[in-house]
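Before any comments, here is the structure.
Residue numbers (UniProt numbering): 1 to 223.
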């Protein structure tokens with residue numbers, strides 16, 4: 001097991017960890033589902049968490065066997081429409097949308113000399129960070145356009161360590177989704193899962209919510 005003393009950096013997911021934009025994603029996808037005549041439910045909303053835009057759209061269409069009803073161009077248009085809906089919601093965000101305890105944690109980590117990078121599949125993450133007033137904490141972010149594989153593949157978290165010039169073993173990855181935790185583990189980093197411990201049972205460390213995310217708690221769990 002990794003020793004706390006070996007840790008030099010933190011690689012953060014965005015949605016569900018720093019802020020909760022999943023509610024905006026859900027609203028925007030719900031609008032698309034209504035448009036294409038797919039029944040929306042909580043199970044579908046949960047299935048879309050943490051996966052890319054086109055994968056999300058394909059899941060929605062598959063639910064009611066509509067995956068072959070649309071051309072690639074029509075799918076692209078639907079994905080773009082979803083993103084436009086989402087951006088309207090994101091543009092209303094403020095620092096009040098930062099999840100509890102996260103700003104304190106980022107400030108502490110930065111003050112103590114740890115490096116930070118962002119590993120979000122969302123192309124909108126720079127805008128979200130700007131709205132939250134957190135851009136300065138994340139000068140390094142993985143560009144999702146450069147990735148060939150989505151979570152649970154380790155690529156995004158491996159890249160999150162690389163851009164900090166750190167080895168995976170020197171990094172802690174922070175996630176709220178099972179696919180994200182799998183990605184961190186496969187990258188060879190120490191995983192923190194925030195949320196339901198049963199869903200995130202593969203995480204090396206589990207906190208039920210962001211208020212528990214402190215250096216002292218992490219040190220204690222890795223002792």
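Heads up, the beta-carbon is just placed ideally off N, CA and C, and yes, glycines get one too.
- Contact between residue 199 and residue 218 is absent: CB atoms are separated by about 20 Å, not below the 8 Å threshold.
- About 5 Å separates the beta carbon of residue 50 from that of residue 179, a gap short enough to meet the 8 Å contact definition.
- Within a 10 Å sphere around the beta-carbon of residue 131 sit 16 or more other beta-carbons, which makes this residue buried.
- The DSSP-derived three-state label of residue 89 is helix.
- Excluding its 5 nearest sequence neighbours in each direction, residue 66 has C-beta neighbours in its own chain below 7 Å: 36 and 38, listed in chain order.
- Within the stretch 119-158, the alpha helix (DSSP H) runs of at least 4 residues that lie entirely inside it are, in chain order, 125-132.
- Taking 8 Å as the cut-off, the beta carbon of residue 159 is found closer than this to the beta carbon of residue 142.
- Where residue 170 is concerned, there is no enclosing beta strand (DSSP E), because DSSP gives it neither an H nor an E.
- Taking C-beta atoms as the reference points, residue 15 and residue 22 count as a pair closer than 8 Å.
- In the structure shown, residue 67 falls within a coil segment according to DSSP collapsed to helix, strand and coil.
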